[in-house]
Each structure stands twice: as C-alpha cells, then as structure tokens.
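Peer 1: At position 21 of the sequence shown (counting the first as 1) the number is 20 in numbering that gives the first Met the number 0, and the numbers step up by one without a gap.
Note that beta-carbon positions come from the ideal geometry of N, C-alpha and C, so glycine has one too.
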Amino acid sequence: MGKFKQNAALGAGLALLAITPAHAQQAERTKELYHIFDIRTQADRQQLIRALTDGININASDSEAVTPLIRGTPPAQAATFELVDPFANGRLGGFGALLGAAQQAQVKQVQCDGAVWIANAQRRIRGSQNLRMTMCLFPYTDGYHLDVYALDTEDKGGGISRRLGRLIAGAVVGDPGDWTNCDGLQ
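1. Quick check on DSSP: helix, strand or coil for Arg49?
2. Would you report the Cα separation of Leu82 and Gly142, rounded to the nearest angstrom?
3. Considering only their Cβ atoms, is the gap separating Ala114 from Phe137 smaller than 8 Å?
4. From Trp116, Asp112, Thr133, pick the residue whose C-alpha is nearest to that of Arg122; which is it?
5. Helix, strand or coil for Ile117 per DSSP?
6. Quick one: measure Cβ to Cβ for Asp151 and Thr29, integer angstroms, because I've assumed they're closer than 8 Å.
7. Give me, in chain order, the residues of the same chain whose beta-carbon lies closer than 7 Å to that of Ser60; leave out the 5 immediate sequence neighbours on both sides.
8. Using only CA atoms, which one of Asn58, Asp154, Tyr148 lies nearest to Asn129?
This is the structure:
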C-alpha cells in the first residue's frame, strides 16, 4: 500500500510539472487584414447603409456606426481609408518604439475622410479569437467602395483549461478562423 501512495504522489507531481509549462506557453497571434469591396449600384444610400448595419449586428459582439454629413456629388473615383500611427511623428515616437509588433498594430487608427458611413465592430470569442473591424463606405459615380480594415487576434497555447475550452468550443461552433474571410482579404 505504501508503494501505491508513493506512485500516486509521483504521478501527481509529474502531472503538475507537465501543466506548468503549458500555462507558460500562452501566446496571441495578430493578423492585419484589409479588403476593398466594389459595390456597383444605384441603390439608395440609406438602404445600403441599413443592409450593412444589419449584417454587422448579426455577426458582431459590439458595433457602432456613424453617418457623417457629406455634401456634393460623388467623385469619379472612390476615396480610400488611411492608416495613421499615432506614435510615428511627434513626441510619443519613442514610446511607440517600445511597443511590440502586435501592440503597434492595435494602436493604429483608421481615418475615413469622405466616407458616408463609418462602422467599428468587434467579434469576441472568449479564449479563442478577437476580431476588430473598421468599415468605411465611400461613394463614387458608379456606386460605392466598402473599405474594410481588420485586426484578427487569435489565442494560442495556455493552460490545459484554456486549451480544453477552445477544443470544446471548436467542436460545437467550428473554427473561428473559418468565419473570417482571411483568404479573400489582402
């Protein structure tokens, strides 16, 4: 009986040692993505905005949208969004250099000058994926360009409970990466 207890204690100790490194291997992988959709239509602007907003509300955990007042006739060529790094120029440039690559991507700002609709949406799947998107709808004579910029952060590794949770969630709802059009985004 003493040998049984000794083996059980040894097994428990080895199990604890095996779990500790797994917890230390927690990591996140962030991908920066963008895609520009060319929507050639003469549909009413408000109908298109309503359809886009409805689509976001179905697929996102959080969302917000604004419809800026844009006057005048649509240009012949659609505008596009600009990415702004707040640390690139100015007094905070040194601070930006201290950030890791993933954190630098997180602080970039999307400017949608000339867009008739701007939306920010986020889809969070706890312990698995965090997808943040900014969408800008730019009018032009033949329709609209929908510029989409996204940051897709995927959790990797972690302790046994985190890995098991992702495995169970994946079995129930599938792989969150499959819901993200990563292949089509450039």
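Peer 2: In terms of the structure at hand:
1. helix
2. 23 Å
3. yes
4. Thr133
5. strand
6. 7 Å
7. Gln121, Arg122, Arg123
8. Asp154
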